[in-house]
Structure formats: structure tokens, C-alpha cells
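Following the working numbering, the numbering of the sequence shown begins with 1405 at its first residue and continues without gaps. Each residue gets a CB set at the ideal place from its N, CA and C atoms; glycine is no exception. Below is one structure; the comments refer to it alone.
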Amino acid sequence: MKQVRSLLEHEFTTLEEAFKNHPKHRCRTRAHAILSSYHGFSLKQIAQILLVKPSTVSGWIDLWFDLGISFLYDGKRTGRPEIYNEAENLQLKEWVDDEPYQLKRAQAIMASETGKNVSKSTIKRTLKKFNYSYKRARHSLKNQRYESDFLDCQQTLADLITAEEAGRIELFYFDESGFSQKSNLPSAWSPKGEPLVMPSYSHSKRLNVLGFLSRKGTLVYHTTESKVNTEVVIEAFEHFISTKRLDKLTIIYLDNASFHRAKRFKEKCYEWLLKGLVIMYLPAYSPELNIIEILWKKIKYEWLSCHAFITFETLKNSVKDILDNYQSKYSITFS
């Protein structure tokens, strides 16, 4: 009977480790077969255990005798050669960088330049080798800001977050956002060919929300259906102060909107400073530093249902329900 009758100590240890822990199934199966043969199982018994043919097990044992431990691992397999060579792959990447919105132009140019007609799937596979993916383009204000100011503020915020975690201060982020029936609707599941259709309104009232959010989950908000101006912002801050015990230094970060820089607002900042409330400004064009922006995005695109936009009253009630139940039904975990 064909059998592996002896194993050196290092061979047995390697086989056992491969059988128990190797990430590839083929390697574990082969190691299992050799160990089973060593322990006296017949070819037929091993084949039944591993759900293969006895001839397969026999071949594995032959390879073990010929190659030893290296037989466990697959060698490099040959496959269909790539259509584009390395230089052509780089040329394709350059054409896609020039016009990233569609692949048809790059596909046509490559066919003209190389004489090789390939499918769009082949082009996609080539781009994936460069770690490219197809995703939605985004608006960004990065090119308008001073990067040094952004990095300095980022470091300051990191220090303040450490102080907040130690219980020395409270840190809040302030911003305004508006909700109307003309807002972009969130995504929704519906049968193919039957997209969910909601009424469209050329004119709609607007619910403005002025919010204060901390990383620890505290949310204080103020709403108005009138236009946001300096007096409304001051009213929101007075509301915040009335709901909070300012028993420790409280810092509020906000952006550079005109009504945040108005003379009347700055006069109030000195008054609030005496109460332990410090107003600090984010660098221009740095919305990603203001975590309350994430809250507005969550509400508009995830938490509000499409049906909330049927009437202004349902929209207003839905927004207030989310804000009132922040942290209980709705929450965000900040890293």
C-alpha cells in the first residue's frame, strides 16, 4: 500500500502547522492528506475524508516523495498574456487622468494608437491594477484655503479634544442648516422601472436649524422659519447658554459666515466670555473640521425619509423628531 511511512521532525511540524493555520484551502488539504497517510490511513480512506479521488491522493503522495514540503504550495500559474504592455498601461492611465468621466474616449484613443481593440471591461481591470475605482466626484474647497492655517487648527482641535476627554473643558461645534421641500431627496428602494416619485415644489418654506454639537453626543438646537441673520444667531447662542450650566470653560467653534463676524455678534462674544464661553473661528474653507456638518448630512441623506417631504409640516416635524431623539434613536460615533 502506498503510504508515507516516516517524517522528519521539522516536516511533521510544518505539515501540522500548514494543516491547522495556512490561509489557503489547497495547502491545508494536501497537508491533511500527507499527515493522514503517515498515521496509517489508506488512499481510499483519505479520499473519502477529503472528498477527492484515490488517484488524486496517490498523486499527492508521489509529489511529496519527489518535492517534499514545497509540494504543498502552488507554483506560479501561467495565464492569458496581458493585451497591453507596461508602457501601454501607463499611457491608458494618462488618458483616463485627462478625462476621468468616461472610458470611451480613452478606449478609442488606445485602439487608434496601439491597434488593439479591447473591451471596456479590460480597461477597467487595467485601471484597477493602478488602484483606481469608479466613484462619485466631489466638490472641495481645499484649493481655496491656506493649508498651514488648516493644519494649525487641526492640531489645536486635537489638543482641545484631549482636554475635553480629561474633563477640563467642554467643546462644541456650531453651524446652521436649512431644510425645505426643494431639498435633495434621500435614496430609496423601489421596484426596477418604478422609481419612487414625490411632488416637486417650485416654492417652499424653509426650516433653519442652528445647532451646537459636541463629540460626546450633546446636541442643543434652535429653529426658525425666518431668515438667519446676526440677531437670530445671537438668539441661538443665548438659548444655548440658558440650557447649559457653564461650570467649566466652554469653547465653541464656528465658521466665518458674515453674521458670525458682525460687530453686534463680536460685542456679545465679550459678554459671553465673562460667563466662561469662548468663541473660536475655523480657518476659511475648512468645513471638514466642523463635525456638525456630518450631522446635517446624516439628517438630509439618511435619517429623513422621502415621505417627510410631502408637506412642510411633515418635514418640520420629522426634522425636530430626529433632533429631539439624537443619541437615543439617531447617533454618530466620532473617531
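Could you compute how far the alpha carbon of residue i sits from the alpha carbon of residue j?
i: residue 1690; j: residue 1512; result: 40 Å
i: residue 1639; j: residue 1616; result: 13 Å
i: residue 1547; j: residue 1495; result: 27 Å
i: residue 1659; j: residue 1580; result: 10 Å
i: residue 1652; j: residue 1597; result: 57 Å
i: residue 1623; j: residue 1578; result: 10 Å
i: residue 1436; j: residue 1476; result: 10 Å
i: residue 1585; j: residue 1667; result: 34 Å
i: residue 1739; j: residue 1562; result: 11 Å
i: residue 1424; j: residue 1527; result: 40 Å
i: residue 1438; j: residue 1474; result: 13 Å
i: residue 1472; j: residue 1493; result: 40 Å
i: residue 1446; j: residue 1466; result: 14 Å
Taking C-alpha atoms, which residue in the options lies nearest to residue i?
i: residue 1497; options: 1525, 1505, 1531; result: 1531
i: residue 1682; options: 1583, 1624, 1650; result: 1650
i: residue 1364; options: 1452, 1712, 1449, 1430; result: Residue 1364 falls outside the range modelled here, since the chain spans only 1405 to 1739, and no answer is possible.
i: residue 1430; options: 1410, 1416, 1454; result: 1454
i: residue 1618; options: 1671, 1655, 1428; result: 1655
i: residue 1538; options: 1504, 1635, 1671; result: 1504
If you check the beta carbons only, do residue i and residue j fall under 7 Å apart?
i: residue 1575; j: residue 1568; result: yes
i: residue 1705; j: residue 1590; result: yes
i: residue 1686; j: residue 1693; result: yes
i: residue 1695; j: residue 1726; result: no
i: residue 1406; j: residue 1462; result: yes
On the DSSP letters alone, give me the boundaries of the alpha helix (DSSP H) that residue i sits inside.
i: residue 1581; result: No alpha helix (DSSP H) contains residue 1581, which is instead part of the beta strand (DSSP E) from 1573-1584.
i: residue 1677; result: 1667-1677
i: residue 1561; result: 1551-1569
i: residue 1419; result: 1413-1425
The beta strand (DSSP E) spanning residue i covers which residue range?
i: residue 1610; result: 1610-1617
i: residue 1443; result: Element bounds for residue 1443: n/a, residue is neither H nor E.
i: residue 1684; result: 1681-1685
i: residue 1719; result: Premise fails: residue 1719 lies in the alpha helix (DSSP H), 1716-1728, not in any beta strand (DSSP E).
i: residue 1623; result: 1623-1628
Task: Segment contact, 8 Å Cβ cut-off, at least three pairs: the region 1450-1460 with the region 1414-1422 - done: no
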